[in-house]
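**Q**
In the numbering used here, the protein residues as written are 18 to 484.
1. Around the C-beta of residue 103, are 16 or more other C-beta atoms found within 10 angstroms, so that it is buried, or is it exposed?
2. Span of the beta strand (DSSP E) holding residue 329?
3. Which residue marks the beginning of the beta strand (DSSP E) containing residue 201, and which one marks its end?
4. What is the DSSP secondary structure of residue 471, counted as helix, strand or coil?
5. Pull up the DSSP beta-bridge partners for residue 348, would you.
6. Could you spell out where the beta strand (DSSP E) holding residue 84 opens and where it closes?
7. Ordered along the chain, which non-local residues of its own chain (more than five positions away) have a Cβ less than 6 Å from that of residue 422?
8. Could you compute how far the alpha carbon of residue 478 sits from the alpha carbon of residue 428?
9. Please classify residue 269 as buried or exposed, where buried requires at least 16 neighbouring CB atoms within 10 angstroms.
10. How many angstroms separate the CA atom of residue 40 from the CA atom of residue 412?
11. If we count the other Cβ atoms within 10 Å of its Cβ and call it buried at 16 or more, is residue 166 buried or exposed?
12. Pull up the distance between the alpha-carbon of residue 278 and that of residue 311, whole angstroms please.
13. Should residue 391 go down as buried or exposed, given a rule of 16 or more other Cβ atoms within 10 Å for buried?
14. Quick check on residue 186: does DSSP put it in helix, strand or coil?
15. Please list the terminal residues of the continuous alpha helix (DSSP H) segment that includes residue 107.
16. Taking 9 Å as the threshold (C-beta atoms), are residue 145 and residue 325 in contact?
17. Over what stretch of residues does the beta strand (DSSP E) that includes residue 297 continue unbroken?
18. Could you check where the alpha helix (DSSP H) with residue 426 kicks off and where it finishes?
19. Using beta-carbon positions only, say whether residue 149 and residue 110 come within less than 9 Å of one another.
20. In the structure shown, what three-state DSSP assignment does residue 152 receive?
21. Can you tell me the Cα-Cα spacing of residue 119 and residue 135, whole angstroms?
22. So what's residue 222 in DSSP terms, helix, strand or just coil?
23. With H, G and I counted as helix, E and B as strand and the rest as coil, what does DSSP make of residue 487?
24. Report the rounded CA-to-CA distance for residue 115 versus residue 435, giving the unit in angstroms.
25. Sort 327, 206 and 242 by Cα distance to residue 266 and report the nearest one.
26. Note down the Cα distance separating residue 460 from residue 196, rounded to an integer number of angstroms.
27. With 16 other CB atoms within 10 Å as the buried threshold, where does residue 217 fall?
28. Among residues of its own chain, excluding the 5 on either side of residue 106, which ones have a beta-carbon nearer than 7 Å to its beta-carbon?
29. With hydrogens ignored, establish whether the beta-carbon of residue 415 is closer than 8 Å to any heavy atom of the ligand FAD.
30. Say whether the segment 291-311 touches the segment 395-411, bearing in mind that this needs 3 or more beta-carbon pairs closer than 8 Å, one atom from each stretch.
31. On the DSSP bridge assignment, give the partners of residue 367 in chain order.
32. If you run the structure through DSSP and keep just helix, strand and coil, what is residue 246?
33. Under DSSP, the beta strand (DSSP E) around residue 443 begins and ends at which residues?
34. Distance check for residue 252 and residue 246, CA to CA, integer angstroms please.
35. What's the gap between the Cα of residue 124 and the Cα of residue 335?
36. Could you tell me which residues DSSP pairs with residue 378 in its beta bridges?
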């Protein structure tokens, strides 16, 4: 259901209890409370707007390796409480904003402790990213998904898994990596690693393709298109499944702690394949950890690298308009259909850098380019600063896909980008003031069917109280 906020008054209060100066974990219970209060307008299924007074409580409870977050919504108008907020299993489950055990590993490592997260998922990459790269399962503020992801390193093995939603069929992923020479203490190949990734999408809407002209937008099965220009009802092409194999060998370079040359080959079952060759370097100095990637790609026909990226939930199915001469046809375009219509052999490049300090300061940026295909570049940046010793805190993420030039990072079409910015500064000893800016893609629903997405912007004052 599409929900368009008319944000007339928003008050956000966040209470943080004390935590250790040396670790983000605490041996005692720690409670954070985030409350949002405001007026909003929500479209019902008929497209009419209804106004509500809204209060959303976002408490977080943590102790040791465990952390639990909740989302409790109270929306009321003259007709009473809004029953649609809790009328489905997905709505009930969304009360549990997240459940987490352990900390996400900085990098794929055979010594990584167990980490499990259920709830909203972001920044998930499998292997070197040919299949799953910076994926997030939730692009809607009002309709969050409850997914599950986790990883575990043990001796010479690293395992990783992902389900984008536990209530609806969607993206899934599984990965395993092994260090075959781990027991050879003096071997120069001790850090050599071999991995395999399986991924796919079981979503029904994401299966649709144009059966007559691959890549051309299609219409719903109960609508009339224009067969003369290839716009016909879409047909299901089955579940999407893809596999990738990768291997990395260590190189010696005195300026880094670890340098690997790697290669990854990927195959989308029933479609094409791709190949990558790259370098991955790591360096740690005290609390500072830096990792970088530089990669060249050979992209075959009917293949798209980084298929499940940060905006895949937007790209899966989008509305499209086709000019039929005498009229415009409202149609749909799926990423699956674009995959089927990709009929060229392409060359691509990928570069990324990530730096973190004690998990309190983190920045990652990446850029992906396909040199001989228009509107195919992707830019990503994620910056996080949260340290109780500092008088401020920052969260900034931005993605832009389908770019032609570097300038499109800031000048590209609105529907190809998504941004989140949260700032707060300590004007008094324990009181921080700032604002929150977040772009969101909300589903448009008519008569029980999702017919597209509406991009919206939410801006709210931010008040943080530290105890």
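By construction, the Cβ of each residue, glycine as well, lies at the ideal position given by its N, Cα and C atoms.
What you are looking at is a predicted structure, and each value in this text was computed from that prediction instead of being measured.
**A** Walking through what the data contain:
1. The sequence position of residue 103 within the chain shown is 86, counting from 1. Residue 103 comes out exposed.
2. Taking the chain shown and counting its residues from 1, one reaches residue 329 at position 312. Taken as a continuous stretch (DSSP letters only), residue 329 belongs to no beta strand (DSSP E), being part of the alpha helix (DSSP H) at 329-332.
3. Here residue 201 refers to the residue found at position 184 when the chain shown is read from its first residue. Element bounds for residue 201: n/a, residue is neither H nor E.
4. For the purposes of this step, residue 471 is taken as residue 454 along the chain shown, with counting starting at 1. DSSP, reduced to helix, strand and coil, places residue 471 within a strand of the structure shown.
5. Within the chain shown, numbered from 1, the residue matching residue 348 stands at position 331. Answer by DSSP bridge pairing, in chain order: 337.
6. The residue labelled residue 84 in the question sits at position 67 within the chain shown. Here the beta strand (DSSP E) through residue 84 covers 83-87.
7. Locating residue 422 in the chain shown gives position 405, where the first residue counts as 1. Closer than 6 Å at Cβ, skipping near neighbours: no residue.
8. In the chain shown, the residue the question calls residue 478 occupies position 461. In the chain shown, the residue the question calls residue 428 occupies position 411. Straight-line Cα distance between these residues: approximately 26 Å.
9. Residue numbering aside, residue 269 sits at position 252 when the chain shown is read from its first letter. Exposed, since its Cβ has fewer than 16 Cβ neighbours within 10 Å.
10. In the chain shown, the residue the question calls residue 40 occupies position 23. In the chain shown, the residue the question calls residue 412 occupies position 395. The predicted model places residue 40 with a pLDDT of 37, which falls under 50 and marks its position as unreliable; any figure quoted below should be read in that light. The alpha-carbon atoms of residue 40 and residue 412 are separated by roughly 19 Å.
11. Your numbering for residue 166 matches position 149 in the chain shown. Its Cβ being crowded by 16 or more others within 10 Å, residue 166 is buried.
12. In the chain shown, the residue the question calls residue 278 occupies position 261. In the chain shown, the residue the question calls residue 311 occupies position 294. So the alpha carbons of these two residues sit roughly 10 Å apart.
13. Sequence index remark: in the chain shown, residue 391 carries index 374 (1-based). Its Cβ having fewer than 16 others within 10 Å, residue 391 is exposed.
14. The residue you call residue 186 lines up with position 169 of the chain shown. Reduced to three states, the DSSP call for residue 186 is coil.
15. The residue you call residue 107 lines up with position 90 of the chain shown. Looking at the DSSP string, the run of the alpha helix (DSSP H) that includes residue 107 is 106-110.
16. Here residue 325 corresponds to residue number 308 of the chain shown, with the count starting at 1. Here residue 145 corresponds to residue number 128 of the chain shown, with the count starting at 1. The answer is no: Cβ separation not under 9 Å.
17. Taking the chain shown and counting its residues from 1, one reaches residue 297 at position 280. For residue 297, the enclosing beta strand (DSSP E) stretches over residues 290-302.
18. By 1-based counting over the chain shown, the position of residue 426 is 409. Counting along the chain, the alpha helix (DSSP H) containing residue 426 begins and ends at 425-428.
19. What you label residue 149 is simply residue 132 of the chain shown in a count that begins at 1. What you label residue 110 is simply residue 93 of the chain shown in a count that begins at 1. No, the pair does not count as a contact, with Cβ atoms beyond the cut-off.
20. Start at 1 with the first residue of the chain shown, and residue 152 comes out as number 135. The answer is strand: DSSP assigns residue 152 an E or B state.
21. Stepping through the chain shown from its first residue, residue 119 is reached at position 102. Stepping through the chain shown from its first residue, residue 135 is reached at position 118. Our two residues, residue 119 and residue 135, have alpha carbons roughly 12 Å apart in a direct line.
22. Residue mapping note: residue 222 aligns to position 205 of the chain shown, counting from 1. DSSP, read as helix, strand or coil, puts residue 222 in helix.
23. Missing from the structure shown is residue 487; the chain here goes from 18 to 484 and no further.
24. Here residue 115 refers to the residue found at position 98 when the chain shown is read from its first residue. Here residue 435 refers to the residue found at position 418 when the chain shown is read from its first residue. Rounded to whole angstroms, the gap between the alpha carbons of residue 115 and residue 435 is 22 Å.
25. If you number the chain shown from 1, residue 266 lands on position 249. Of the candidates 327, 206 and 242, the one whose C-alpha sits nearest the C-alpha of residue 266 is 206.
26. In the chain shown, residue 460 corresponds to position 443, counting from 1. In the chain shown, residue 196 corresponds to position 179, counting from 1. Each residue's alpha carbon lies about 44 Å from the other.
27. Within the chain shown, the letter at position 200 stands for residue 217. Buried is the call here.
28. Here residue 106 refers to the residue found at position 89 when the chain shown is read from its first residue. Taken in chain order, the residues that qualify are 184.
29. Ligands in the displayed structure: none, and consequently the ligand FAD is not present.
30. Flag = no, the segment 291-311 and the segment 395-411 do not touch.
31. Translated into positions along the chain shown, residue 367 becomes position 350. DSSP lists 312 and 385 as the beta-bridge partner residues of residue 367.
32. One-based indexing of the chain shown puts residue 246 at position 229. In the structure shown, residue 246 sits in a helix (DSSP, three-state: H, G or I).
33. Translated into positions along the chain shown, residue 443 becomes position 426. Taken as a continuous stretch (DSSP letters only), the beta strand (DSSP E) holding residue 443 covers 434-443.
34. As a first step, residue 246 is located in the chain shown; it is residue number 229 there, counting from the start. As a first step, residue 252 is located in the chain shown; it is residue number 235 there, counting from the start. Each residue's alpha carbon lies about 17 Å from the other.
35. As a working note, residue 124 is residue 107 in the chain shown. As a working note, residue 335 is residue 318 in the chain shown. Residue 124 and residue 335 have their C-alpha atoms spaced approximately 33 Å apart.
36. Within the chain shown, residue 378 is the residue found at index 361, counting from 1. 374 and 402, per the DSSP bridge assignment.
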